[in-house]
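Peer 1: Have a look at this one before I ask anything.
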Amino acid sequence: MTEAHYTGNFPIVVEGLCNAFDGHVIHQDLSLKVRRGEILGVVGGSGSGKSVLMRSIIGLQHPAAGEIEVLGQSMSGGGAPARDEIDIRSRWGVLFQGGALFSTLTVAENVEVPLREFYPEIDDTLRHEIARYKVMLSGLPPEAAAKFPSELSGGMRKRAGLARALALDPELLFLDEPTAGLDPIGAAAFDALTRELQDTLGLTVFLITHDLDTLYEICDRVAVIADKRVIAVDTISELLKIDHPWIQEYFNGPRGRAADAARHRAKAMDKQADRGA
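This note's numbering puts the last residue of the sequence shown at 1471; the count rises by one with no breaks.
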C-alpha cells in the first residue's frame, strides 16, 4: 500500500554478517545479494542459521557485525529514523513457520492486524474489504475469513498467514518453511500459488525451505548456507557442478535424485499431454 517502489537490482544486500549466541558462532562473514523479482531459495543443514539470517534481515535479530541493506535502506548502524523504519517494515510481508496466527482472532482479524498497525486511518469498511480480498488472494474460500485458526487445517493456516503477509501489498515476501508439514498435493499447490503471486504482483521472494520439490519447481536461484556463510548462490544446475560435500549430498543424495526424477517424469507427461491435445 506504499507508493514508493524499489527500482534497484538488489533489494536485499547482506555484507560480512556475523551472528553468535552464547559464544556459539552461527554466521561468520556471511554475504548475500537477492535479485529483484526472483524467488530465492535458502537451504542449509539444521542449525546453519537460515531463520536467523531472515530474522536479521527483517530486524528481529541484531547481528554482532556486518551490514544489511533492504530496499536501498541501511538496516545497520544504530537503526533508521523511526518514520523510515516504519515505512520499510510496511514494504515486506513475512510468513513464519506454522503461520504464527493469533489464536483468539479470526482469519480476517489476523489479516487486519498490520493494516491497523501501519494504516490506522483506514475506516472499518475498507479494512474489512481489504482483508477479505487478501484471504481470497491466498487461495482460501471466502467463508474462511470468519473462522478461527483452530478451525483450519494446517495448509489453510499457512494460507491465512500468507494472506496476512500480503496485507500491505509488499514488495518483499519472506517465507519460512512454507510447505513444512503439508502433504505432497498441498505442498505443490502452495508452490504454485507462490509462483503465481510472484508473477502477478512482481514480488521478490526470500524462501527458506528444505523441500527439494519446491527448490526445483519454483526457485530461480538457491543460496546454500554451510560453514557459517553462504558458500554458493546459483541455479540448481550450476550448484550441481560445485564440489562441496554438503551440496553434493543434498542435491545428489537419494531424496535429491528422487525429486529430480519426479520433475523429469512430470515434464515428460506434460509433453505427452500437449502432443495428444
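Just so it is clear, CB atoms sit at the ideal spot from N, CA and C, and this is done for glycine as well. Source: prediction; values computed, not measured.
Does the Cβ of Met1248 have 16 or more other Cβ atoms within 10 Å, making it buried, or fewer, making it exposed?
Peer 2: Taking the first residue of the sequence shown as position 1, residue 1248 is located at position 54. Label assigned to Met1248: buried.
Peer 1: Could you tell me whether any Cβ in chain B is nearer than 7 Å to the Cβ of Cys1413?
Peer 2: Absence of chain B from the displayed structure is noted, only one protein chain being present.
Peer 1: Taking its Cβ as the centre, do 16 or more other Cβ atoms sit within 10 Å of Ser1250, making it buried, or is it exposed?
Peer 2: Taking the first residue of the sequence shown as position 1, residue 1250 is located at position 56. Looking at its Cβ environment, which holds 16 or more other Cβ atoms inside 10 Å, Ser1250 is buried.
Peer 1: Classify Ile1379: buried if its beta carbon has 16 or more other beta carbons within 10 angstroms, exposed otherwise.
Peer 2: One-based indexing of the sequence shown puts residue 1379 at position 185. It counts as exposed.
Peer 1: Looking at the strands, I want to know which residues DSSP matches up with Ile1233.
Peer 2: Mapped onto the sequence shown, residue 1233 falls at position 39. DSSP, once it has assigned bridges, lists Val1399 as partnering Ile1233.
Peer 1: For Val1418 versus Ile1425, is the C-beta spacing smaller than 7 Å?
Peer 2: The count along the sequence shown starts at 1 and reaches residue 1418 at position 224. The count along the sequence shown starts at 1 and reaches residue 1425 at position 231. Against a cut-off of 7 Å, the Cβ pair of Ile1425 and Val1418 comes out as a contact.
Peer 1: Give the DSSP-derived three-state secondary structure of Asp1370 in the structure shown.
Peer 2: What you label residue 1370 is simply residue 176 of the sequence shown in a count that begins at 1. Asp1370 falls in the strand class under three-state DSSP.
Peer 1: Determine the closest residue to Glu1151 out of Met1269, Gly1260 and Ala1383, with distance taken between C-alpha atoms.
Peer 2: The question about residue 1151 has no answer here: the residues shown for the chain are numbered 1195 through 1471.
Peer 1: Tell me where the alpha helix (DSSP H) around Ile1251 begins and ends.
Peer 2: Working through the sequence shown from its first residue, we reach residue 1251 at position 57. Looking at the DSSP string, the run of the alpha helix (DSSP H) that includes Ile1251 is Lys1244 to Ile1251.
Peer 1: So, is Asn1203 buried or exposed, given that buried needs 16 or more other C-beta atoms within 10 angstroms?
Peer 2: In the sequence shown, counting from the first residue as 1, residue 1203 sits at position 9. Looking at its Cβ environment, which holds fewer than 16 other Cβ atoms inside 10 Å, Asn1203 is exposed.
Peer 1: Secondary structure at Trp1213, three-state DSSP: helix, strand or coil?
Peer 2: In the sequence shown, the residue the question calls residue 1213 occupies position 19. Rather than Trp, the amino acid found at residue 1213 in this sequence is Asn. Note: Asn1213 maps to strand in three-state DSSP.
Peer 1: Near Val1288, which residues of its chain fall below 7 Å by C-beta distance, leaving aside the five closest residues on each side in sequence?
Peer 2: Sequence index remark: in the sequence shown, residue 1288 carries index 94 (1-based). These residues qualify, in order along the chain: Ile1252, Ala1359 and Phe1368.
Peer 1: Can you tell me whether Lys1435 is buried or exposed, with buried defined as 16 or more other CB within 10 angstroms of its CB?
Peer 2: If you number the sequence shown from 1, residue 1435 lands on position 241. Result: exposed.
Peer 1: Expressed to the nearest angstrom, what Euclidean distance is found between the alpha-carbon atoms of Val1305 and Phe1384?
Peer 2: Position 111 of the sequence shown holds residue 1305. Position 190 of the sequence shown holds residue 1384. The straight-line gap from Cα to Cα measures roughly 18 Å.
Peer 1: Taking Cβ to Cβ, would you say Glu1261 is nearer than 7 Å to Glu1209?
Peer 2: Along the sequence shown, one-based indexing puts residue 1261 at 67. Along the sequence shown, one-based indexing puts residue 1209 at 15. Against a cut-off of 7 Å, the Cβ pair of Glu1209 and Glu1261 comes out as a contact.
Peer 1: Taking the C-alpha atoms as reference points, what is the distance between Trp1286 and Thr1403?
Peer 2: Here residue 1286 is taken as the residue at index 92 of the sequence shown, counted from 1. Here residue 1403 is taken as the residue at index 209 of the sequence shown, counted from 1. Between Trp1286 and Thr1403, the C-alpha separation is close to 19 Å.
Peer 1: My output table needs one value for Ser1268: the three-state DSSP class, helix, strand or coil.
Peer 2: The residue labelled residue 1268 in the question sits at position 74 within the sequence shown. Note: Ser1268 maps to strand in three-state DSSP.
Peer 1: State the DSSP-derived secondary structure class of Leu1289, mapped to helix, strand or coil.
Peer 2: Residue 1289 sits at position 95 when you count from the first residue of the sequence shown. Here Leu1289 sits in strand by DSSP.
Peer 1: Determine the contact status of Leu1356 and Ser1332, defining contact as a CB-CB distance below 7 Å.
Peer 2: As a first step, residue 1356 is located in the sequence shown; it is residue number 162 there, counting from the start. As a first step, residue 1332 is located in the sequence shown; it is residue number 138 there, counting from the start. Yes. Within cutoff.
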